[in-house]
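Residues are numbered in my numbering as their position in the sequence shown, beginning at 1, plus a constant of 1.
Glycine residues also receive a C-beta, built at the ideal position from the N, C-alpha and C atoms.
Since the model is a prediction, treat every value here as computed from it, not as a measurement.
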Amino acid sequence: MKITGRRIREFQDRIFSWWEHNARDLPWRRTRDPYRILVSEVMLQQTQVSRVLPKYEEFLHTFPTVGSLASASPAHILRLWKGLGYNRRALYLKRAAESVVTDYDGTFPQDEALLVKLPGLGRYTARALMVFAFEKDVAMVDTNIRQIITHFFYNDQPQKDNVIQQTADALLPHGRSWDWHQALMDYGALALEKPKKIIRPKKPAVPFRQSHRFYRGKVMDLLREGTISEGALQNLFLQDYQVSLEFTSTILDGLIKDRLVVRTGQTLHLPEK
2 MKITGRRIRE FQDRIFSWWE HNARDLPWRR TRDPYRILVS EVMLQQTQVS RVLPKYEEFL
62 HTFPTVGSLA SASPAHILRL WKGLGYNRRA LYLKRAAESV VTDYDGTFPQ DEALLVKLPG
122 LGRYTARALM VFAFEKDVAM VDTNIRQIIT HFFYNDQPQK DNVIQQTADA LLPHGRSWDW
182 HQALMDYGAL ALEKPKKIIR PKKPAVPFRQ SHRFYRGKVM DLLREGTISE GALQNLFLQD
242 YQVSLEFTST ILDGLIKDRL VVRTGQTLHL PEK
């Protein structure tokens with residue numbers, strides 16, 4: 002689908018006009034430091050802004066530079082990550098910081114091909130750094146931006162990734178990439194009317210308390226307080242949650258595989274290296 006120049010200008014005017022009166026004041030918008038922006042982007046993955054705001058400030062107070070994060074122990078970082086969930090993100094963030102320090106002397110590269118090689122960074126996060134830190138004229142697409150494009154240009158009908166990206170490229174107002182993407186983020190979060198989902202019969206969802214994520218979180222919270230023996234943890238889970246020893250072992254094995262937990266003999270603890 003080819004979009005006319007007139008329609009592009011009308012859409013840009015619509016988004017910017019709305020944003021002029023509705024822009025959110027968020028702390029990561031007051032900086033162009035790629036490290037601080039990377040921290041915000043990683044924290045915001047699958048986590049609401051309201052939960053990220055206090056943790057962002059606390060995290061940067063403790064680890065104010067990419068070097069301080071690179072040299073911190075995983076255990077220290079994971080303790081500070083409490084409340085954000087998806088703990089593997091914290092380890093990827095540390096590994097990315099280590100790569101920036103080791104491979105680029107502490108200075109973030111400004112090339113997308115190099116940024117995507119940093120641990121845990123995909124195309125979207127790399128482009129977020131290019132836009133929000135370096136103000137490059139590139140178009141990025143996240144869930145909100147995809148929904149906006151689909152809604153306004155494709156009648157809420159799903160489109161292939163390349164179609165959405167090509168449309169985003171065409172809509173980008175050159176020289177205003179930073180403003181444009183912040184405006185789109187706010188519009189998608191606050192103003193876009195979400196399409197009604199078609200309800201289809203499906204199997205009942207597993208309650209969160211019965212999910213692996215629930216128990217992984219409980220293990221991590223226990224270990225944030227200190228070490229515990231594997232036997233004590235199994236007994237605790239058996240008593241408090243009535244889960245089998247086999248199930249607890251499965252949870253532990255997954256956490257150890259993800260390098261979120263270390264087993265030393267019969268003692269469990271957070272990783273120090």
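Asked: Among Thr265, Asp187, Leu253, the one whose alpha carbon lies nearest that of Val50; Found: Asp187
Asked: Per DSSP, the bridge partner or partners of Thr268; Found: Ser230, Thr265
Asked: C-alpha distance - Thr48 paired with Leu85, whole-angstrom precision; Found: 7 Å
Asked: Residues near Pro205 by beta carbon distance below 7 Å, same chain, minus five either side; Found: Bear in mind that a pLDDT of 49 at Pro205, under 50, signals an unreliable position, so the model cannot answer this.
Asked: Test item: CB-CB of Leu246 and Gln235 under 8 Å; Found: yes
Asked: Arg90 to Arg7 span [Cα, whole Å]; Found: 42 Å
Asked: Among Leu115, Gly107, Arg80, the one whose alpha carbon lies nearest that of Gly227; Found: Arg80
Asked: Beta-carbon proximity of Val171 to Ile38, cut-off 8 Å; Found: At residue 171 the sequence reads Ala, which differs from the Val that was named. No, they are not a contact pair.
Asked: Near the ligand GTP: Gly68 beta-carbon under 7 Å from a heavy atom; Found: Ligands in the displayed structure: none, and consequently the ligand GTP is not present.
Asked: Thr151 versus Thr126 - alpha carbon distance; Found: 21 Å
Asked: Whether Gln183 touches Arg30 by CB criterion (8 Å); Found: yes
Asked: Simplified DSSP state of Asn88, which is helix, strand or coil; Found: coil
Asked: Inter-residue spacing [alpha-carbon to alpha-carbon] between Arg214 and Leu130; Found: 29 Å
Asked: Opening and closing residue of the alpha helix (DSSP H) in which Ala134 lies; Found: Neither: Ala134 is in no alpha helix (DSSP H) and is coded neither H nor E.
Asked: Distance between Val142 and Gln166 (C-alpha atoms, nearest Å); Found: 7 Å
Asked: Beta-carbon proximity of Phe64 to Ala76, cut-off 8 Å; Found: no
Asked: For Thr144 and His22, the rounded distance between their alpha carbons; Found: 23 Å
Asked: Cβ-based neighbour list, Ile229, same chain, cut-off 7 Å, excluding 5 preceding and 5 following; Found: Leu223, Leu269
Asked: Beta carbon of Gly68 nearer than 8 Å to that of Val102; Found: yes
Asked: Supposed close pair Leu253, Val220 - CB separation, criterion 8 Å; Found: 7 Å
Asked: Buried versus exposed call for Lys95 [16 or more other C-beta atoms within 10 Å across all chains shown]; Found: buried
Asked: Same chain only: Cβ atoms within 6 Å of Glu99, ignoring 5 sequence neighbours per side; Found: Ala71
Asked: Per-residue DSSP class, three states only, for Pro205; Found: For Pro205, the pLDDT reaches just 49, beneath the cut-off of 50, and the residue's location in the model is therefore unreliable, leaving the point undetermined.
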